[in-house]
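Residues 288 to 560 in our numbering are what the sequence shown spells out, letter by letter.
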Amino acid sequence: MSIPEFKNDFKKISIIVPAYNKEHNLNDYLRILAEELEKLPYPYEVILINDGSQDNTLRKAIDYVANSRQKNFKIYSYPLNVGKGFALCYGFTKASGDPIVFFDADLDLHPRQIHLLIEYLIYHNADIVVGSRRHPDSQTNYPRARCLMSKAYQHLTRLLFGLNIRDTQLGLKIFRRRVLEKIIPKLTIKRWAFDIEVLVAARQNGFTKIIEAPVVLTHQKIGSTVGIEAVFNILRDTAAVFYRRYLRNHYQKKFLPYIYPSEAESLPAIKIK
C-alpha cells in the first residue's frame, strides 16, 4: 500500500496547525512539514492558526513563509488565547481541501506520519483516522506518568461514551471533509476535551468508521507538561461532553453550518499575507 496508488482520489489535502507559544521549534517544524508534504502526489495547503501566542510564534511563522516563499501556507492570527479546539474549528472554515488533517505544531510526531494516515484513510475507507500511541505497532518514548494518565483517560472515555479507541488525545488526526462539515457547528469545547468531543459527535452523527494508526512518537521536553489544573480541566470538559451527549442529546440536533466559532465576531482573526 502506497500513496501514489491513490493519487487521483484527492484534489487537495488541508493541514490545520494550531500554534500557541511554539517559537522554540516552529521554524524547524514548518520546514520539515513542507518537505514531507512536497512528496505527496496531489496539492496541499497548510493553515496555521496563531492562537493568541505570547511569544514570537507569529513572527517565526511569518518569517518562515516569507523566506521560503511558500505559496501553500496561510497564517491566521488573533490576539487572545482561546484554545486548540477553537483554533482547529476556525482553521476548518478557511480550509478548502478534502481530507482535512489536524496536526499539533511540535516535533513529538514527525510530519512524515501524515502519509501513513492518508493510506489508512483510503485503504479502510474510513471516516476518521487517529494516530494512536497505544496501537500495537506504535513506537513511543514518553514519560511513564503521561502514559499512565493516557491509559486511565482511555478507560474513562470507554466507560462514559463506549468509544473503543485506545488513544483519543494525540494531536494527529485525519478526517473526510463531510465529517467536519456535519459536526463542527455542534462542537462547544474549545480547549481541554476537544478531541473526545470530536469523536463523540462524529459517532453520534453516523460516522462510525474510526480507525487507529500506529505512530512513532518522541517526547519533546520543551513546553510539554501536564499539571493538576490541566487534569482537572480535561475532566471537567469531559463531564460537559457527557452531559450534552446523554442529557441534552446535543450532538444529534440540527445546526446551521459554519456558525462556529461563535466568538468570531468579537475575536476577529487577521490573515497574514
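Yeah, the Cβ is synthetic: ideal placement off N, Cα and C, and Gly gets one too.
Distance, Cα to Cα, residue i vs residue j?
i	j	result
Q491	Y538	6 Å
Y440	R465	28 Å
E322	L396	15 Å
T380	T427	33 Å
L459	A392	10 Å
V352	Y331	15 Å
K540	D414	20 Å
R535	V528	10 Å
C434	N412	30 Å
H442	K358	43 Å
I303	A480	18 Å
A526	R532	10 Å
For residue i, which residues from the same chain have a beta carbon less than 8 Å from its beta carbon, with the 5 sequence-adjacent residues on both sides left out?
i	result
L394	N312, D315, Y316, I319, T505 and Q507
Cutting at 6 Å between CB atoms, please list the residues of its own chain near residue i, excluding the five before and the five after it.
i	result
D385	R464
I461	P386, V388, L404, L408 and V416
D482	T455 and Q456
K469	N492
I497	I415
G418	L457, L459, A500 and V502
Can residue i and residue j be called in contact, C-beta distance under 8 Å?
i	j	result
A306	S355	no
L403	I452	no
I387	S301	yes
I401	F390	yes
G370	K477	yes
K361	Y329	no
R431	L457	no
G372	L474	yes
N368	T344	no
I334	A382	yes
Who does residue i pair with in a DSSP beta bridge?
i	result
E499	V417
V528	In DSSP, V528 forms no bridge with anything.
V388	I302 and I461
N368	Answer is none; N368 lacks a bridge partner.
Keeping to the same chain, check which residues put their C-beta closer than 7 Å to that of residue i; ignore five residues upstream and five downstream.
i	result
R399	E323
S553	Low confidence applies to S553: its pLDDT is 45, below 50, so where it sits in the model is not reliable enough to give any reading.
A488	I470, K473, L474 and Y538
A374	P305, I336 and D338
Which ranges would you report for the alpha helix (DSSP H) in the region 327-361 if only whole runs of at least 4 residues count? 344-355
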